[in-house]
């Protein structure tokens, strides 16, 4: 079942979902195996078509699924998901095959897409891998083209984040280190 | 003259300056020409040695200075600098040669480094370009190795951001679009 408030974001606005620098959860599936991991190093790369970068360590199971399937999702966890986000960024499915269940990660499916997504997030970007073997091997750097995007319409609508008026539990997380996050704060008028 | 509170950050902690996804100002100098521009698309890439990515459009003067000198700085503007940050991200030195003066950008120099830095920021990372012609040409994507870093010790010390206890005007800016920023918010306990 789709989460409530799960609303498409036009592709030309998709870069705005990452512009403010949130921590993401990367999810992928190949041959029936699903996984998800947290990543602080994801960034917008282009407007149209929208592209993203994300750094995926060679030790991770998610990276192998991305390389095999050519598809991944970035989603933006929210304040109540801080402990879960640390948990699936620390544990590896290589040594903890049941890590998603252990950390209670609420997965869901979208029609027509063979990719697991995480409920409770503020936004979701589905990306097709643009293979760049030199970047992947030398820098663990992956490039994807965004082919679909959604957001929780309570917090992102009409192409803008509405953190100031949305429920506080929809604020995105911004990781530093050692289990320390900051939530995104208030709007700054220019 | 160096800004007050300008304090070195150990290189192994430098990635933490970018982990929470702040908007940056990119500065560079070549053959006596200095420039600075805002960029929302900068990201940590590695821990040790610390590396970063930043997207620099082909139309910008700053990119030409980075390509010619092989050196650039990323610095993190703060809430009172929001209008300046939009100004130097919108105007180009190609058409507005005096854009830094127009927007009142407070530049300073550090001993032994031929690179202009911007005062009033929360942190500074000096980076040596790692030439990757394919990335630069195809994606406008630049990779740098961080060779020196500093922070305002009131807001980053002992390897951690202290936004909750620092003066509010030292919060970093996180850009969305159309002159809309969010300040980084409060810490989230895990």
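Residue numbers (the working numbering), protein chains in the order written: chain A, -9 to 180; chain B, -9 to 180. A virtual CB, placed ideally from N, CA and C, is assigned to each residue, including glycine. Small disclaimer: the values here were computed from a predicted structure and weren't measured.
Within the stretch 77 to 140 of chain A, the complete beta strand (DSSP E) runs of at least 3 residues fall at 97 to 100, 103 to 108, 113 to 120. Boundaries of the beta strand (DSSP E) harbouring residue 19 (chain A): 14 to 20, taken from the DSSP string.
Residue 156 (chain A) sits in coil when the DSSP states are folded into three classes, being neither helix nor strand. Around the beta carbon of residue 45 (chain A), 16 or more other beta carbons lie within 10 angstroms, which makes this residue buried.
Residue 148 (chain A) is classed as exposed because its beta carbon has fewer than 16 other beta carbons within 10 Å across all chains shown.
The C-beta of residue 53 (chain B) comes no closer than 9 Å to any C-beta of chain A. Residue 61 (chain A): member of the beta strand (DSSP E) spanning 61 to 65, first to last residue.
Assigned with DSSP and collapsed to three states, residue -8 (chain B) falls in coil, not helix or strand.
With contact defined as three or more Cβ pairs closer than 8 Å, the stretch 71 to 86 of chain A and the stretch -9 to 5 of chain B are not in contact. Below the 7 Å Cβ cutoff, chain B contributes no neighbours of residue 65 (chain A), its closest Cβ being approximately 15 Å away. Contacts with chain A at 9 Å (Cβ-Cβ) include residue 12 (chain B). With respect to chain B, the C-beta atom of residue 15 (chain A) has no partner C-beta closer than 9 Å. Against chain B, a Cβ distance below 8 Å from residue 43 (chain A) picks out 33, 43, 131. In this structure, residue 74 (chain A) sits away from residue 50 (chain A), with a CB-CB distance that is not shorter than 9 Å. By the Cβ neighbour-count rule, residue 134 (chain B) is buried, with 16 or more other Cβ atoms within 10 Å of its own.
If you compare the alpha carbons of A:109, A:59, A:166, A:126 with that of residue 96 (chain A), the shortest gap goes to A:109.
Under the Cβ distance rule, residue -5 (chain A) does not count among the residues neighbouring chain B, no pair being separated by less than 9 Å.
Taking 9 Å as the CB threshold, residue 113 (chain A) stays off the interface with chain B. In this structure, the alpha-carbon of residue 103 (chain A) lies about 13 Å from that of residue 22 (chain A). Distances from the alpha-carbon of residue 41 (chain B) to those of B:29, B:70, B:139, B:86 put B:139 closest.
The CB of residue 163 (chain A) comes closer than 7 Å to the CB of 178 in chain B, given here in chain order. The C-beta of residue 179 (chain A) has fewer than 16 other C-beta atoms within 10 Å across all chains shown, which makes the residue exposed. Scanning chain A for C-beta atoms nearer than 7 Å to the C-beta of residue 73 (chain B) yields 180, reported in chain order. Chain-order list of chain B residues neighbouring residue 171 (chain A): 10, 177, 178, 179, 180, by C-beta distance under 9 Å.
Nearest neighbour of residue 54 (chain B) by Cα position, chosen from B:158, B:130, B:174, turns out to be B:130. At least one CB of chain B lies nearer than 9 Å to the CB of residue 153 (chain A). Within chain A, the C-beta atoms nearer than 9 Å to that of residue 150 (chain B) come from 166, 167, 168, 170, in chain order. Counting along the chain, residue 168 (chain A) sits inside no beta strand (DSSP E), nor does DSSP assign it H or E at all. Under DSSP, the beta-bridge partners assigned to residue -3 (chain A) are A:141. Just measuring C-alpha positions, the residue of B:173, B:132, B:142 sitting nearest residue 65 (chain B) is B:142.
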